[in-house]
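Participant: Pasting in a structure now, in structure tokens, and then I'll have a few things to ask.
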Amino acid sequence: MKKFTTTLAALLIMGSASSFADSHKVKVGMITTLSGGGSGLGIDVRDGFMLAVKGNKNISVITKDDQRKPDIAVQLADKMIQSDKVDVLTGIIWSNLAMAVVPATVNQGKFYLSPNAGPSKLAGKGCHKNYFNVAWQNDNLHEAAGGYANSAGFKNSFILAPNYPAGKDALTGYKRYFKGSLAGEIYTKLGQKDYAAEIAQIRASGADSVFFFLPGGMGIGFMKQFSQSGIKLPVVGPAFSFDQGILKAVGDAALGVKNTSQWSKDIDNKANKKFVKDFQSEYGRLPSLYASQGYDTGKLLISAMSKAKVKDKDKFRDALRKADFSSTRGKFSFDKNHHPIQDIYVREVIKEGKILTNKIISVGLKNHSNAYVSECKM
Amino acid sequence: MTSILFFEQLLNGIQFGTMLFLMSAGLTLIFGVMGLINLAHGSFYMIGAFSAALIASLTGSFWLALLASLSGAAIAGVLIEIIIIRRLYRRDHLDQVLATFALILLLSEGVRWCFGAFPLYLDIPEILNGTLPILDDIIYSKYRLFIIFMGLLIAAGLYILISKTRLGVRIRAGQNDRQMISALGIDISKLYTIVFALGASLAGLAGAMIGAIQSVEVGMGEPILILAFVVIVIGGIGSIKGALIGSILVGVTDTIGRIFLPELLKIFMEPASATSVGSSIGSMLIYILMALILIIKPSGLFGKT
Chain A
4 MKKFTTTLAA LLIMGSASSF ADSHKVKVGM ITTLSGGGSG LGIDVRDGFM
54 LAVKGNKNIS VITKDDQRKP DIAVQLADKM IQSDKVDVLT GIIWSNLAMA
104 VVPATVNQGK FYLSPNAGPS KLAGKGCHKN YFNVAWQNDN LHEAAGGYAN
154 SAGFKNSFIL APNYPAGKDA LTGYKRYFKG SLAGEIYTKL GQKDYAAEIA
204 QIRASGADSV FFFLPGGMGI GFMKQFSQSG IKLPVVGPAF SFDQGILKAV
254 GDAALGVKNT SQWSKDIDNK ANKKFVKDFQ SEYGRLPSLY ASQGYDTGKL
304 LISAMSKAKV KDKDKFRDAL RKADFSSTRG KFSFDKNHHP IQDIYVREVI
354 KEGKILTNKI ISVGLKNHSN AYVSECKM
Chain B
567 MTSILFFEQL LNGIQFGTML FLMSAGLTLI FGVMGLINLA HGSFYMIGAF
617 SAALIASLTG SFWLALLASL SGAAIAGVLI EIIIIRRLYR RDHLDQVLAT
667 FALILLLSEG VRWCFGAFPL YLDIPEILNG TLPILDDIIY SKYRLFIIFM
717 GLLIAAGLYI LISKTRLGVR IRAGQNDRQM ISALGIDISK LYTIVFALGA
767 SLAGLAGAMI GAIQSVEVGM GEPILILAFV VIVIGGIGSI KGALIGSILV
817 GVTDTIGRIF LPELLKIFME PASATSVGSS IGSMLIYILM ALILIIKPSG
867 LFGKT
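What follows is the structure in structure tokens.
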């Protein structure tokens, strides 16, 4: 009998020990774009995130490709929540996909940490206690571009962006800070690659500057065609068309262009230096801002896990909200609607040896939050 | 809206159209001769662009890169025809659609394995950089004029090939009666391989020429493929002349509509909503055009009734 009780006790201890270990584990579902157009962005976010959590035995990650299609992203999220039982979701690049996945995810009590998309709806009226954006609210970089346009003395801008939620946020953001007038405003088709017609309009419009938000391959086409058109207007845009992944494809057409970003590889702090060095030695290429966002998302998750168990939702949420990790961007904190307060820099495209890259030339907006905080009732 | 802007947009439309022609000519030939619906045609566009980018980065020559795009896509076309496509001619269209759709996925992932997911660099040659003044006030990109020129050159070349050469006679005979020409002792499977490779190489050339001003990346062919199908439906399936007229029609309608519709709507709407409504209708315009043409001529402009 005595033997039996000790065995039982031992079993109980073992059981509780293993459940103790389990409760410290976090299962992450990463849904991101890994194939087709725009896959460079998803791959950078994934690689950044995996670098941050590398060697951490308490985190397991399931990665799935959304093919940049909202319906597929929704299916993947359902499967991850219902059959894989993930605790945290992350990874989505595109705002239209985020709008399809995030509300249902957070309403089922899961956490969603956005490494990229930050549509205005999820920052304002549609904000949620379980939704955290580690990158930016969509308008942010464009607001900084508008601010930069003022200081550069632009009076009459021609602005264009694709016709989808983030495109609308982009032009809204630019207009919010830009004090001059608009020579023209165009929404282009998402995924459009040829901008001959738009460039002809720019030429005829009498603008003194051009602002554009065309992420991924769209921006490559625009920049090349714009420089070939012989129009000599200054161009300003967010970092998305000048990030490390696509600068090589744009080529010298990008040299000298001013762009705005919350991150740059030359931000001078310890975390960033380590990140840039580790990323290069792990993957053999320079990191982009997307990679830095994925990395910060991973570090944020680890910081919260060291403070609370993921099953204890309220404590875990508080731990996330503290953002107690050393960000590659330096100073980083969350505003009340769980979107970052951070500096936004103005960068210039330069050549380092033979490689095109970016250099910070000034701070565009200091400790910048977003315009939707007051709309968020949380 | 000035007449200069209108003329420039017209040129843009024609340039877009000639590029679509390179895609749709191959598609319509393959359908006309072999009766094959080839969804993987866009993949040859991508293969052409990647071959060009590879050769351009190795040699630095744009002209060698163009040659590479033609031959790269043609080689891929021959291999794929012999290994896979050949087995599909006797199957019904649903099987062909399924198999060639699978090919899209295989080829896209294959290219991503070889070249990575990041866009490649391919630039236009120095001699075609910049603009050229045509007429008084109109300045136009030299490279886009080059694309128009190449498109028309190839259209003329195809016309001569189809109507004046022995191969052309066989192709036309194949379109009319497949059983008969094989009964006459013509090696039908060789003819099919040649036609398929010809179509693939034209798509590859289009990919390289467009890749130089847009971006060379995985999945670049599929948006163009949809437009190419619209073109051959409008032009009449199997007709090269139909493909040429259809391409120019689609190119011009799309470009002009996208730009001038928002301007037109601004006359009686507020600017912001005119912009968004106008650009939405603008992107539907070619499909509306297709529907209208199909109502009047159900088999397309030059299709066999």
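These protein sequence lines map, in sequence, to chains A and B. Heads up, the first sequence is in my numbering, so the first residue is 4 and it goes up one at a time. Heads up, the second sequence is in my numbering, so the first residue is 567 and it goes up one at a time. Backbone N, C-alpha and C define an ideal beta-carbon position, used for all residues, glycine too.
Is there a Cβ of chain A sitting closer than 8 Å to that of B/Tyr709, yes or no?
Facilitator: yes
Participant: Please compile the residues from chain B whose C-beta is within a distance smaller than 8 Å of the C-beta of A/Asn166.
Facilitator: Under the 8 Å cutoff, chain B gives Ser842, Ser845, Ser846.
Participant: If the cut is a Cβ gap below 7 Å, which residues of chain B does A/Glu188 touch?
Facilitator: Thr841
Participant: Could you pull out every residue in the same chain whose Cβ sits closer than 6 Å to the Cβ of A/Asn275, ignoring the five residues on either side in sequence?
Facilitator: Thr331
Participant: Can you find a C-beta in chain B that's less than 8 Å from the C-beta of A/Asp197?
Facilitator: Chain B places a beta carbon closer than 8 Å to that of A/Asp197, counting this residue as a contact.
Participant: Please name the residue in B/Ile822, B/Ile847, B/Glu836, B/Lys863 whose C-alpha comes closest to that of B/Leu571.
Facilitator: B/Ile822
Participant: Excluding the 5 residues flanking A/Tyr198 on each side, which residues of the same chain have their C-beta closer than 6 Å to its C-beta?
Facilitator: Phe225, Gln228
Participant: Considering only residues of the same chain and omitting the five flanking positions on each side of A/Leu292, which have a CB-CB separation below 6 Å?
Facilitator: Ala242, Asp246, Ser264, Trp266
Participant: Just to confirm the assignment, what range does the beta strand (DSSP E) spanning A/Ser362 have?
Facilitator: Note on residue identity: the sequence assigns Lys, not Ser, to residue 362 of chain A. That run of the beta strand (DSSP E) goes 358-371.
Participant: Tell me which residues share the same chain as A/Asp281 and place their Cβ nearer than 8 Å to its Cβ, disregarding the 5 neighbours each side in the sequence.
Facilitator: Leu54
Participant: Count the other CB atoms, across all protein chains shown, that sit within 10 Å of the CB of A/Pro218; report buried if there are 16 or more and exposed otherwise.
Facilitator: buried
Participant: What number of angstroms, rounded off, separates the C-alpha of B/Ile704 from the C-alpha of B/Leu718?
Facilitator: 21 Å
Participant: Measure from the C-beta of A/Gly220 to each C-beta in chain B and report whether the shortest distance is under 8 Å.
Facilitator: yes
Participant: Here's the rule I'm using: 16 or more other beta-carbon atoms within 10 Å means buried, otherwise exposed. How should B/Asp689 be labelled?
Facilitator: buried
Participant: Please list the partners that B/Ile825 has in chain A, where partner means a Cβ-to-Cβ separation under 7 Å.
Facilitator: Ala200, Gln204
Participant: Can you grab the Cα-Cα spacing for the pair A/Lys354 / B/Gly773, in whole Å?
Facilitator: For A/Lys354 and B/Gly773, the distance between alpha carbons rounds to 29 Å.
Participant: Do we get a CB-CB distance below 8 Å when we pair B/Glu574 with the residues of chain A?
Facilitator: yes
Participant: Exposed or buried, which one is B/Asp753 when buried takes at least 16 other CB atoms within 10 Å?
Facilitator: exposed
Participant: Compute the beta-carbon to beta-carbon distance between A/Met102 and A/Pro168, rounded to the nearest angstrom, for a pair I have assumed lies under 8 Å.
Facilitator: Sure, about 6 Å apart at Cβ, within 8 Å.
Participant: Using beta-carbon positions only, say whether B/Gly601 and B/Ala639 come within less than 8 Å of one another.
Facilitator: No. Outside cutoff.
Participant: Does B/Arg657 come within less than 8 Å of chain A when only Cβ atoms are used?
Facilitator: no
Participant: Can you give me the start and stop residues for the beta strand (DSSP E) that A/Leu185 sits inside?
Facilitator: 184-191
Participant: May I ask you to report which of helix, strand or coil DSSP gives B/Ile833?
Facilitator: coil
Participant: With a threshold of 16 other CB atoms inside 10 Å of the CB of B/Met856, please say whether the residue is buried or exposed.
Facilitator: buried
Participant: Which of the three DSSP states, helix, strand or coil, is assigned to A/Val313?
Facilitator: Note: A/Val313 maps to coil in three-state DSSP.
Participant: Which residues in the same chain as B/Phe712 place their Cβ atom closer than 7 Å to its Cβ, once the five residues preceding and following it in sequence are excluded?
Facilitator: Leu694
Participant: In terms of residues, what are the limits of the beta strand (DSSP E) holding B/Leu654?
Facilitator: Annotation: B/Leu654 is outside any beta strand (DSSP E) and is labelled neither H nor E by DSSP.
Participant: If you drop the 5 nearest sequence neighbours on each side, which residues of the same chain put their C-beta closer than 6 Å to that of A/Ser404?
Facilitator: Past the boundaries of the shown model lies residue 404 of chain A; chain A is included only from 4 to 381, so the question cannot be answered.
Participant: Check whether the Cβ of A/Ala274 lies closer than 8 Å to any Cβ atom in chain E.
Facilitator: No chain E is present in this structure, whose protein chains are A and B.
Participant: Using DSSP's beta-bridge definition, name the partner residues of A/Thr66.
Facilitator: A/Met33
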